[in-house]
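Participant: Chains as they are written, first to last, in our numbering: chain Z, 1 to 117; chain L, 1001 to 1108. Using N, Cα and C, we set each Cβ at its ideal position, and we do this for glycine too.
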């Protein structure tokens, strides 16, 4: 597709349930990023992939959060034993260049809105 | 980390120009200035970016101060569809760090 695709668009999870959020980046984009956006706030960085390598996971809030991009294209963000504070919009973005290419912009998906009840 | 400062909110009338300011006094020489906007229920959308010189594209213009410690995003004729949160970001390290942005309201 022409843009970054995220699924599902909405997810309601019971507290303690595991969830998996999918991101299909733009074909050929080297970099992939996950962000978490709480209501009324700007997006907060979670993790970064360059191809299949996860080069930065400093933003992941706890060890319940796990991300992978095994073949350097599709990525999955997994949250184990969800808590109410995990409720947020999870955004995926991809970029053509690597982190060294600071001139390249990001293309964001529309996000997955996770509600933990 | 380099940080940016933006007003929380601004208002504009439709069809008038809008100047959205951003301060980034701790910017380093290799940091690009990026602007994104986020419409309701959508992910952020790239608007424009620059390093030192002013930049123009079909969406907006970016005016960068000579000392690079501030910049201004210029929407030449605001439309109702320009109502969004506008983020000024410095591209550093592995990611872009978003602040709270400026919520732009466009009045008809």
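Helix, strand or coil: which one does DSSP assign to residue 1097 of chain L?
Facilitator: Of the three classes helix, strand and coil, the one that applies to residue 1097 of chain L here is coil, per DSSP.
Participant: Can you list the residues of chain L that residue 65 of chain Z reaches, using a CB-CB cut of under 8 Å?
Facilitator: By Cβ distance, chain L contributes nothing, its closest Cβ being about 16 Å from residue 65 of chain Z, past 8 Å.
Participant: If the cut is a Cβ gap below 8 Å, which residues of chain L does residue 107 of chain Z touch?
Facilitator: Chain L residues near residue 107 of chain Z: 1046.
Participant: Could you have a look at residue 1037 of chain L and say whether DSSP puts it in helix, strand or coil?
Facilitator: If DSSP states are grouped into helix, strand and coil, residue 1037 of chain L belongs with the strands.
Participant: Could you pull out every residue in the same chain whose Cβ sits closer than 6 Å to the Cβ of residue 955 of chain L, ignoring the five residues on either side in sequence?
Facilitator: Since the displayed chain L opens at 1001 and closes at 1108, residue 955 of chain L lies outside it and no answer follows.
Participant: Would DSSP call residue 1081 of chain L helix, strand or coil?
Facilitator: Reduced to three states, the DSSP call for residue 1081 of chain L is helix.
Participant: Give a yes or no on contact between the stretch 1008-1015 of chain L and the stretch 73-84 of chain Z, applying the rule of three or more CB pairs nearer than 8 Å.
Facilitator: Segments in contact, no.
Participant: Taking only beta-carbon atoms, is residue 1029 of chain L less than 8 Å away from chain Z?
Facilitator: Chain Z, which has no Cβ nearer than 8 Å to the Cβ of residue 1029 of chain L, makes this no.
Participant: Can at least three beta-carbon pairs, one atom from the stretch 27-40 of chain Z and one from the stretch 1015-1033 of chain L, be found at a separation below 8 Å?
Facilitator: Judged by Cβ distances under 8 Å, the stretch 27-40 of chain Z makes no contact with the stretch 1015-1033 of chain L, as fewer than three pairs qualify.
Participant: Jot down the residue ranges of each uninterrupted beta strand (DSSP E) in the stretch 1001-1035 of chain L, minimum 3 residues, whole runs only, in chain order.
Facilitator: Runs of the beta strand (DSSP E) inside the stretch 1001-1035 of chain L: 1009-1013, 1018-1023.
Participant: Cβ of residue 1024 of chain L within 8 Å of Cβ of residue 1090 of chain L?
Facilitator: Yes; because the gap between Cβ atoms is below 8 Å, this pair is in contact.
Participant: Determine, using beta carbons only, whether residue 91 of chain Z comes closer than 8 Å to chain L.
Facilitator: True, the Cβ-Cβ gap to chain L drops below 8 Å.
Participant: Please state whether DSSP places residue 52 of chain Z in a helix, a strand or coil.
Facilitator: In the structure shown, residue 52 of chain Z sits in coil (DSSP, three-state: anything other than H, G, I, E or B).
Participant: Would you please verify whether the beta carbon of residue 110 of chain Z is less than 8 Å from any beta carbon of chain L?
Facilitator: Cβ-Cβ to chain L under 8 Å: yes for residue 110 of chain Z.
Participant: Between which two residues does the beta strand (DSSP E) harbouring residue 19 of chain Z extend?
Facilitator: Here the beta strand (DSSP E) through residue 19 of chain Z covers 19-24.
Participant: Go through its chain and collect everything with a Cβ distance to residue 67 of chain Z's Cβ below 8 Å, but skip five positions before and after it.
Facilitator: Taken in chain order, the residues that qualify are 34, 46, 47, 49, 54, 57, 60, 75, 76, 77, 78.
Participant: Please give the ranges of any beta strand (DSSP E) in the stretch 1056-1081 of chain L, keeping only runs that are unbroken, at least 3 residues long and fully inside the region.
Facilitator: If we require 3 residues or more, the beta strand (DSSP E) runs fully inside the stretch 1056-1081 of chain L come out as 1061-1064, 1070-1075.
Participant: Between which two residues does the beta strand (DSSP E) harbouring residue 1050 of chain L extend?
Facilitator: It spans 1045-1050 - the beta strand (DSSP E) in which residue 1050 of chain L sits, taken as one unbroken run.
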